[in-house]
Amino acid sequence: MALVEIDNLKTYFHKKNSIFHKMLDKGPLTVRAVDGISFAVDKKDTFALVGESGCGKTTVARSVLRLVEPDAGSIKFKGKDIYNFTKQEIKEFRRNAQLILQDPRSSLNPRLIVEELISEPFYIHGLVDNDFDLLNRVWDLLDTVGLSKRFSELFPHELSGGQARRVGIARALALKPEFIVCDEPTSGLDVSIMSAVLNLMQELQDKYDLTYLWISHNLQVVRHISNKIGVMYLGKLVELGNSEKIFSNPLHPYTKALFSSIHRVEDRKKNKREILPGEVPSPINPPKGCSFNPRCKYRMEICPKKEPQLEEESENQLVSCWLYNQP
Amino acid sequence: MNALLSIEDLTVQYRTRNGYSLAVEDVNLEIKNGEIFGLVGESGSGKSTLGKAIVKLLPVSAEIPAGKIFFKNRDIITLSEQTINNEIRGKEISMVLQNPQNALNPVFKVGTQLVDVLYFKNNKKIKRKNLKQDAIEMLKKTGISDPEYRFEEYPHQFSGGMKQRVLLAMAFISHPSLLIADEPTTALDVTIEAQILALLKDLVREYGTSILYITHDLGVVSEITDRIAVMYAGKIVESAKTDDLFDEPLHPYTKALLKCLPGYSSKEQLATIPGQVPNLNNKPTGCNFCPRCDYCFALCQKEEPRLREYKADHSVACFLYNQEEKEEAEVEDEKVNEKEGA
Numbered sequence: 016m017a018l019v020e021i022d023n024l025k026t027y028f029h030k031k032n033s034i035f036h037k038m039l040d041k042g043p044l045t046v047r048a049v050d051g052i053s054f055a056v057d058k059k060d061t062f063a064l065v066g067e068s069g070c071g072k073t074t075v076a077r078s079v080l081r082l083v084e085p086d087a088g089s090i091k092f093k094g095k096d097i098y099n100f101t102k103q104e105i106k107e108f109r110r111n112a113q114l115i116l117q118d119p120r121s122s123l124n125p126r127l128i129v130e131e132l133i134s135e136p137f138y139i140h141g142l143v144d145n146d147f148d149l150l151n152r153v154w155d156l157l158d159t160v161g162l163s164k165r166f167s168e169l170f171p172h173e174l175s176g177g178q179a180r181r182v183g184i185a186r187a188l189a190l191k192p193e194f195i196v197c198d199e200p201t202s203g204l205d206v207s208i209m210s211a212v213l214n215l216m217q218e219l220q221d222k223y224d225l226t227y228l229w230i231s232h233n234l235q236v237v238r239h240i241s242n243k244i245g246v247m248y249l250g251k252l253v254e255l256g257n258s259e260k261i262f263s264n265p266l267h268p269y270t271k272a273l274f275s276s277i278h279r280v281e282d283r284k285k286n287k288r289e290i291l292p293g294e295v296p297s298p299i300n301p302p303k304g305c306s307f308n309p310r311c312k313y314r315m316e317i318c319p320k321k322e323p324q325l326e327e328e329s330e331n332q333l334v335s336c337w338l339y340n341q342p
Numbered sequence: 556m557n558a559l560l561s562i563e564d565l566t567v568q569y570r571t572r573n574g575y576s577l578a579v580e581d582v583n584l585e586i587k588n589g590e591i592f593g594l595v596g597e598s599g600s601g602k603s604t605l606g607k608a609i610v611k612l613l614p615v616s617a618e619i620p621a622g623k624i625f626f627k628n629r630d631i632i633t634l635s636e637q638t639i640n641n642e643i644r645g646k647e648i649s650m651v652l653q654n655p656q657n658a659l660n661p662v663f664k665v666g667t668q669l670v671d672v673l674y675f676k677n678n679k680k681i682k683r684k685n686l687k688q689d690a691i692e693m694l695k696k697t698g699i700s701d702p703e704y705r706f707e708e709y710p711h712q713f714s715g716g717m718k719q720r721v722l723l724a725m726a727f728i729s730h731p732s733l734l735i736a737d738e739p740t741t742a743l744d745v746t747i748e749a750q751i752l753a754l755l756k757d758l759v760r761e762y763g764t765s766i767l768y769i770t771h772d773l774g775v776v777s778e779i780t781d782r783i784a785v786m787y788a789g790k791i792v793e794s795a796k797t798d799d800l801f802d803e804p805l806h807p808y809t810k811a812l813l814k815c816l817p818g819y820s821s822k823e824q825l826a827t828i829p830g831q832v833p834n835l836n837n838k839p840t841g842c843n844f845c846p847r848c849d850y851c852f853a854l855c856q857k858e859e860p861r862l863r864e865y866k867a868d869h870s871v872a873c874f875l876y877n878q879e880e881k882e883e884a885e886v887e888d889e890k891v892n893e894k895e896g897a
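One line per chain: the protein sequences are A and B, in this order.
Each residue of the first sequence is one higher than the one before, starting from 16 at the first, in our numbering.
Each residue of the second sequence is one higher than the one before, starting from 556 at the first, in our numbering.
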């Protein structure tokens, strides 16, 4: 059984109508941040969601953690719908599912020292027996993420980006969760520090049987760490499946273009690069039919008329494109 | 001298509460006409400081105790602020910064800001309305659709990628000989990054501008540059033609950095560089990279290696590639050992 199952998730943001808007009688403004997404994350998997900014990756992550209310669809954690949890179950879920945020430094309270930052979750969940035990636990956690005891006395501004990131990981690990949502955990880090953080996260996954939902737009990192990926475009999944398979043989035109725009040292002598024209359209008023059709070079007659569905093209690879699914 | 820009023994230091912090130390580099030169390094390696020093845009706490920056055979450091403003900045040397969101003034129309560049370049002698056509032409060249309409819009109506296009238009409108691009694509998505880099290449081909491209992204730099210098803790540790550098990296730091990049297929552990970048207020004696280096030997801790040509167009600052000095040191070491033994 999958640890997390997402079925037809729709999260919309409703903008308040301004008086001008009402006068023009344009109807309600709705940002369709996530528009019908289904996938499942198995235990010990690293599922990566990739896509450009504004495609709804972070909204999915927040919905999965019950931080925003979805408009439709269901999210099941260990087989139970998280939006039907009782109070007790919510508390259990908050312990079991953790979040690592994008900006390592601003996600730490600047007025607390590292020791307080890491011990906070224990207080919130009432897991403190005595202060000495707690301090030992904090030291253990610091040790797990590769920091020495000395760091427990420091404030966030005294830490480097990589160290702050490690503290963030220690906080997420404190309550021994099973599921961690990582929202761009390596953005803003230097290459050498990023590689150390990636290694650490992989080690921790093996050690504690963690499941990651990894949100990133750094495709190199995603390729390295994930075993399943979902490619998002304008709130929808356009391709889903085994990561190795998709990276070696992307099917959807958007996935192809996205992967082709990665700059890699190894590819510097190859000269073919597909440059995707234009920009992501507004999710308030997405294009009709396939949402990628205005930028797609394989556009056919059917594309602007009817929306393709995510269908299995080969084993472990689903794609939503009329090129593959016959209408 | 056929170099457009040549920097000789440049040192830049910042005054801090704990004394001077050496951000750039003894840097030598040359940029030829029409060349894209990449400057790579991690954060805090001094690459942006070097970029700012070239246009003299350093903050007041910075000092240049030594070195020369020759641009078209004039030493920029000795020029007065007024000469630089009138003759160099924005005319001969343009700059594109990292964050397109903050680089445009939010209260002026995009068109006004673009025309301003031309207006001041011509020493206010041509009326603004006569310059409008040139500005629209430039916007069109940078791939902005419907330029007449967008000319009248404000920066908040542009997306990040579009703003960066406007900034490139502003940089190229005065036909500069040198463009300093300080991480121009880090804030952008990959697909937009690819668009901007392609545009940059086109503009360089059209105007024959040289570029100093400052970045930490080795992937980007490998693709667009002709030559690269790698900076570490304020010093250039290796400098070579792009292909040579990536085919055969010499300095242990460059090697380690390349190994850190997430590879394609292997799910194995990534290489890391142990330790941290040294404190710029208190650099170690000897080679800066020595505490983190796998190949470090006795001499590295005592003396500082200088950037030397190892083979044609490939210089490195490391004793591993400087056989004579290495052997001398070994002989000395042996002598010391013998004495101690005796």
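Cβ atoms here follow ideal geometry from the backbone N, Cα and C, with glycine treated the same way.
Checklist entry - What is the DSSP secondary structure of Lys59(A), reduced to helix, strand or coil? => result As a first step, residue 59(A) must be located in the first sequence, where it is residue number 44. If DSSP states are grouped into helix, strand and coil, Lys59(A) belongs with coil.
Checklist entry - When DSSP labels each residue in this structure, what does Asp744(B) get in the three-state scheme? => result Mapped onto the second sequence, residue 744(B) falls at position 189. Note: Asp744(B) maps to coil in three-state DSSP.
Item to check | DSSP state of Val651(B) mapped onto helix, strand, coil | outcome: Numbered from 1 along the second sequence, position 96 holds the residue referred to as residue 651(B). If DSSP states are grouped into helix, strand and coil, Val651(B) belongs with the strands.
Item to check | Contact under 9 Å by Cβ, Leu862(B) with Ile791(B) | outcome: The sequence position of residue 862(B) within the second sequence is 307, counting from 1. The sequence position of residue 791(B) within the second sequence is 236, counting from 1. It is a contact, given that the beta carbons lie within the stated cut-off.
Checklist entry - I think Ser714(B) touches Glu67(A), with their Cβ atoms under 8 Å apart; what is that distance to the nearest whole Å? => result Locating residue 714(B) in the second sequence gives position 159, counting from the first residue. Locating residue 67(A) in the first sequence gives position 52, counting from the first residue. At roughly 11 Å, the Cβ-Cβ gap does not stay under 8 Å, so Ser714(B) and Glu67(A) are not in contact.
Next on the checklist: Per DSSP, what are the beta-bridge partners of Gly593(B) in this structure?
Outcome noted: Taking the first residue of the second sequence as 1, we reach residue 593(B) at position 38. Per DSSP, Tyr768(B), Ile783(B).
Checklist entry - Per DSSP, which one or two residues make a beta bridge with Asn257(A)? => result Along the first sequence, one-based indexing puts residue 257(A) at 242. According to DSSP, which records beta bridges pairwise, Asn257(A) is partnered with Lys243(A).
Next on the checklist: Looking at the secondary structure, which residues open and close the alpha helix (DSSP H) in which Phe100(A) lies?
Outcome noted: Along the first sequence, read from residue 1 onward, the residue named residue 100(A) stands at position 85. Per DSSP, Phe100(A) belongs to no alpha helix (DSSP H) and is neither H nor E.
Checklist entry - Does the Cβ of Leu743(B) have 16 or more other Cβ atoms within 10 Å, making it buried, or fewer, making it exposed? => result Taking the second sequence and counting its residues from 1, one reaches residue 743(B) at position 188. It counts as buried.
Checklist entry - Taking Cβ-Cβ distances shorter than 7 Å, what residues in chain A pair up with Cys815(B)? => result The count along the second sequence starts at 1 and reaches residue 815(B) at position 260. Simply Val206, Ser207, Ser210.
Checklist entry - Under a Cβ-count criterion, where at least 16 other Cβ atoms within 10 Å of its own Cβ denotes burial, should Ala608(B) be classed as buried or exposed? => result By 1-based counting over the second sequence, the position of residue 608(B) is 53. Classification of Ala608(B): buried, given that the 10 Å Cβ count is 16 or more.
Next on the checklist: Taking 9 Å as the threshold (beta carbon to beta carbon), is Lys251(A) in contact with chain B?
Outcome noted: By one-based count along the first sequence, residue 251(A) stands at place 236. Answer no: the Cβ-Cβ gap between Lys251(A) and chain B never drops below 9 Å.
Checklist entry - At a CB-CB cut-off below 8 Å, which residues of chain A make contact with Phe801(B)? => result Counting from one through the second sequence, the residue named residue 801(B) turns up at place 246. What Phe801(B) touches in chain A: Val280, Arg283.
Item to check | Cβ-Cβ distance between Lys25(A) and Gly69(A) below 9 Å | outcome: The residue labelled residue 25(A) in the question sits at position 10 within the first sequence. The residue labelled residue 69(A) in the question sits at position 54 within the first sequence. No. Outside cutoff.
Checklist entry - Would Thr604(B) be called buried (16 or more neighbouring beta carbons within 10 Å of its own) or exposed? => result Counted from its first residue, the second sequence places residue 604(B) at position 49. Buried: at least 16 other Cβ atoms inside 10 Å.
Next on the checklist: On a Cα-Cα basis, can you pick out the residue from Ala48(A), Lys58(A), Arg279(A), Lys102(A) that is closest to Ser78(A)?
Outcome noted: Against the first sequence, residue 78(A) aligns to sequence position 63. It is Ala48(A).
Item to check | Opposing strand residues paired with Gln568(B) [DSSP bridges] | outcome: Residue 568(B) sits at position 13 when you count from the first residue of the second sequence. Gln568(B) is bridged to Leu577(B), Glu618(B).
Next on the checklist: Let me see if you follow: with CB-CB separation under 9 Å, is Glu322(A) close to chain B or not?
Outcome noted: What you label residue 322(A) is simply residue 307 of the first sequence in a count that begins at 1. Not one chain B Cβ lies under 9 Å of Glu322(A).
Checklist entry - Sorted by chain position, which residues of the same chain lie with C-beta nearer than 6 Å to Leu734(B)'s C-beta, five sequence neighbours on each side aside? => result Translated into the one-based positions of the second sequence, residue 734(B) becomes position 179. Hits under 6 Å: Ser649, Ala726, Thr764, Ile766.
Checklist entry - For Phe108(A), which residues of its own chain have a beta-carbon under 8 Å away from its beta-carbon, when the five flanking residues on both sides are left out? => result Start at 1 with the first residue of the first sequence, and residue 108(A) comes out as number 93. Closer than 8 Å at the Cβ level, and outside the excluded window around Phe108(A), lie Arg81, Phe92, Ile97, Phe100.
Checklist entry - In terms of residues, what are the limits of the alpha helix (DSSP H) holding Val129(A)? => result Start at 1 with the first residue of the first sequence, and residue 129(A) comes out as number 114. Its alpha helix (DSSP H) spans residues 129–139.
Checklist entry - Can you tell me the Cα-Cα spacing of Arg310(A) and Pro292(A), whole angstroms? => result Within the first sequence, residue 310(A) is the residue found at index 295, counting from 1. Within the first sequence, residue 292(A) is the residue found at index 277, counting from 1. Spanning the two alpha carbons is a distance of roughly 6 Å.
Checklist entry - How long is the line joining the alpha carbons of Asn902(B) and Lys676(B), rounded to whole angstroms? => result The first residue shown for chain B is 556 and the last is 897, placing residue 902(B) beyond what the model contains.
Checklist entry - Going by DSSP, what residues sit across from Cys336(A) in a beta bridge? => result Locating residue 336(A) in the first sequence gives position 321, counting from the first residue. Cys336(A) is not bridged to any residue.
Checklist entry - Who are the Cβ neighbours of Gln332(A) in its own chain at under 6 Å, not counting the five residues just before and after it? => result Sequence index remark: in the first sequence, residue 332(A) carries index 317 (1-based). Hits under 6 Å: Gly256, Lys260.
Next on the checklist: To the nearest angstrom, how far is the alpha carbon of Asp158(A) from that of Ile240(A)?
Outcome noted: In the first sequence, the residue the question calls residue 158(A) occupies position 143. In the first sequence, the residue the question calls residue 240(A) occupies position 225. Using only the alpha carbons, I get a separation of about 23 Å.
Checklist entry - Leaving out five residues before and five after Leu149(A) in sequence, what residues of the same chain have Cβ atoms less than 8 Å from its Cβ? => result Taking the first sequence and counting its residues from 1, the one referred to as residue 149(A) is at position 134. Ser134, Phe137, Val143, listed in sequence order.
Item to check | Where His869(B) sits in the DSSP three-state scheme | outcome: Numbered from 1 along the second sequence, position 314 holds the residue referred to as residue 869(B). His869(B) falls in the strand class under three-state DSSP.
Checklist entry - Does Ala784(B) have its Cβ less than 9 Å from a Cβ in chain A? => result Residue 784(B) sits at position 229 when you count from the first residue of the second sequence. Chain A contact via Cβ: absent.
Checklist entry - DSSP puts Trp229(A) in a beta bridge; with which residues? => result The residue given as residue 229(A) occupies position 214 in the first sequence. Answer is Ala63(A), Cys197(A), bridged to Trp229(A).
Next on the checklist: Give me the residue from Asn685(B), Tyr709(B), Val672(B) with the minimum Cα distance to Ala724(B).
Outcome noted: Sequence index remark: in the second sequence, residue 724(B) carries index 169 (1-based). That would be Val672(B), whose Cα lies nearest to the Cα of Ala724(B).
Item to check | Near-chain A residues of the segment 753–779 of chain B - C-beta to any C-beta below 9 Å | outcome: Ala753, His771, Asp772, Leu773, Gly774, Val775, Val776, Ser777, Glu778, Ile779
Item to check | Through-space distance from Gly183(A) to Trp3(A), alpha-carbon basis | outcome: Chain A is shown only over 16 to 342; residue 3(A) falls outside these bounds and no answer can be derived.
Checklist entry - When the Cα atoms are used, what is the spatial distance from Met216(A) to Asp118(A)? => result If you number the first sequence from 1, residue 216(A) lands on position 201. If you number the first sequence from 1, residue 118(A) lands on position 103. If you take the alpha carbons of Met216(A) and Asp118(A), they lie about 17 Å apart.
Item to check | Limits of the alpha helix (DSSP H) - the one that Ala726(B) falls within | outcome: Taking the first residue of the second sequence as position 1, residue 726(B) is located at position 171. Note, Ala726(B): alpha helix (DSSP H), 715–727.
Next on the checklist: I need the boundaries of the beta strand (DSSP E) containing Val792(B), first residue and last residue.
Outcome noted: Walking along the second sequence from the start, residue 792(B) turns up at place 237. Val792(B) -> beta strand (DSSP E) spans 790–796.
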